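Protein chains: 2
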Amino acid sequence: MSGTRELRHASRLIVHTGEGKGKSTAAFGLGLRAWAQGWSVGVFQFVKSGSWRPGEHAAYTALDEIHRTTGQGGPIEWLTMGAGRTGLRATQDVDQQALSRAGWAQVVDRLAAQTHRLYILDELNHPLAKGWLDLDEVLDVLTIRAGVQHVVVTGRGAPQRLIEAADLVTDMTKVKHPFDKGERGQAGIEW
Amino acid sequence: MSGTRELRHASRLIVHTGEGKGKSTAAFGLGLRAWAQGWSVGVFQFVKSGSWRPGEHAAYTALDEIHRTTGQGGPIEWLTMGAGRTGLRATQDVDQQALSRAGWAQVVDRLAAQTHRLYILDELNHPLAKGWLDLDEVLDVLTIRAGVQHVVVTGRGAPQRLIEAADLVTDMTKVKHPFDKGERGQAGIEW
Chain A
68 MSGTRELRHA SRLIVHTGEG KGKSTAAFGL GLRAWAQGWS VGVFQFVKSG
118 SWRPGEHAAY TALDEIHRTT GQGGPIEWLT MGAGRTGLRA TQDVDQQALS
168 RAGWAQVVDR LAAQTHRLYI LDELNHPLAK GWLDLDEVLD VLTIRAGVQH
218 VVVTGRGAPQ RLIEAADLVT DMTKVKHPFD KGERGQAGIE W
Chain B
68 MSGTRELRHA SRLIVHTGEG KGKSTAAFGL GLRAWAQGWS VGVFQFVKSG
118 SWRPGEHAAY TALDEIHRTT GQGGPIEWLT MGAGRTGLRA TQDVDQQALS
168 RAGWAQVVDR LAAQTHRLYI LDELNHPLAK GWLDLDEVLD VLTIRAGVQH
218 VVVTGRGAPQ RLIEAADLVT DMTKVKHPFD KGERGQAGIE W
């Protein structure tokens, strides 16, 4: 029975990659299940400032508030690397590599402290692709993490070695997209 | 400019299909953006009772409560076809086709009344594949819907004609899944 228990509670390293939609939205949907279980959830956004997630952030902030005021669900920590409080374009002139590394250092700290049970490393594949973060170091940290700490990594172009290290990998494959026929992004759907 | 506005606010028919994970979770993640915009969101679950979404349901219920008590976000309606209040296995002995049709009738009513701005038709592809719902009728209703009403249909095996009718289609492609190596589902991740 202990073998079954271990399997059921195995820490998952999950990757959402591919050219299609749904990589981040599926990660944030997964976070709802974690929240409902009372798990601590950490969101770490490795994105340029223009592509952050205001809708998801508003909803997660509300869910965290529910947890703090009623005890329902779990706590949610949300860290955006680089967007800052001065506005969406605040990071265009700053060092993306330094921001990525500062953000990653936060993830390393939280994993070492076993702060959360679910980590959403949103768009982590972007600084990996740019070479702003060292893939060897990231893989070391993610694969030797202690305890039961689930990690979801999103972003197109997941490195092959990350895919090999992961337990669950989904490729969101674009079949059809309205931008292809000239439509533009809209609030409530794209952000 | 009106052309641009129309394009930006175009009603989307979105399909999440494929064998991989993330079809429903991405739909529920999208619902967070809609909620944050103050949109009315309707969730209609066309699933057998064992596969409903307790985590997402708890989180959406909390978000709807926030809307009703503080005005933040939008209202959320959640209808589960067949699960009923007597327990998860209540539908095993009832007529799945009748339940599917009753659920679909609710969707038809809401679309006619323009009740919601986002509809999550979770696992609608299942009763379509089973023939419990008529594809022609479903396509007629979804393609002639009035106003700006976005619809997300989830489930593996989306009918080709639904894919053709949709604006945005993503195939969640399984690259790797822990069940393949003997792991089992766990709360917080699979439900």
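From first to last, the protein sequence lines stand for chains A and B. Remember, this note's numbering sits 67 above the position in the first sequence when you count from 1. Remember, this note's numbering sits 67 above the position in the second sequence when you count from 1. A virtual CB, placed ideally from N, CA and C, is assigned to each residue, including glycine. Source: prediction; values computed, not measured.
Put simply, the CB of R100/B is near chain A, with a gap under 8 Å to one of its CB atoms.
Counted as a single uninterrupted DSSP element, the alpha helix (DSSP H) harbouring Q164/A occupies residues 163-180.
Around the Cβ of T221/B, a 10 Å sphere holds 16 or more other Cβ atoms; the residue is buried. Here DSSP, grouped into helix, strand and coil, assigns G109/A to strand. Each residue's CA atom was taken as its position, placing G98/A and L202/B some 33 Å apart. Within chain A, the residues whose beta carbon sits less than 8 Å from that of L235/B are K88, K243, H244, P245, listed in sequence order. Think of a sphere of 8 Å around the beta carbon of E123/B: the chain A residues whose beta carbon falls inside it are G96, L99, R100, A103, in chain order.
Nearest in C-alpha terms to E144/B, of all of T137/B, T237/B, Y186/B, is Y186/B. Interface criterion met: the Cβ of D238/B is under 8 Å from a Cβ in chain A. Within chain B, A125, A126, A129 have C-beta atoms less than 8 Å from the C-beta of G140/A, given in sequence order. Of the other Cβ atoms in all chains shown, fewer than 16 fall within 10 Å of the Cβ of F246/A; this residue is therefore exposed. In this structure, the alpha-carbon of Q104/A lies about 32 Å from that of L166/A.
Ranking T128/B, A101/B, E257/B, G170/B by CA distance to the CA of H193/B puts G170/B first.
Counting of Cβ neighbours within 10 angstroms places D238/A among the buried residues, the total reaching 16 or more. Here A180/B is exposed, its C-beta having fewer than 16 other C-beta atoms within 10 Å. Rounded to whole angstroms, L130/A and L209/A show a C-alpha spacing of 27 Å.
For H83/B, a Cβ of chain A is located within less than 8 Å of the residue's own Cβ. Listed by position along chain B, the residues whose Cβ is nearer than 7 Å to that of A93/A are G89, T92, A93, G96. For E86/B, the three-state secondary structure derived from DSSP is coil.
The Cβ-Cβ distance between H217/B and R184/B falls below 8 Å.
The C-alpha of A233/B is placed about 28 Å away from the C-alpha of H244/B. In terms of Cβ geometry, S78/A and V215/A form a close pair [threshold 8 Å].
Contact of I256/A with chain B is assigned, a C-beta pair being separated by under 8 Å. When only Cα atoms are considered, T147/B and F113/B end up about 7 Å apart. L146/A: member of the beta strand (DSSP E) spanning 143-147, first to last residue. Taking a 10 Å sphere around the C-beta of A172/B, we find fewer than 16 other C-beta atoms and assign the residue as exposed. A direct Cα-to-Cα measurement between P142/A and E204/B gives close to 44 Å.
Pairing L195/A with G252/B, the inter-Cα distance amounts to about 30 Å. Excluding the 5 residues flanking it on each side, R212/A has same chain C-beta neighbours closer than 8 Å at S78, L178, V218, in chain order.
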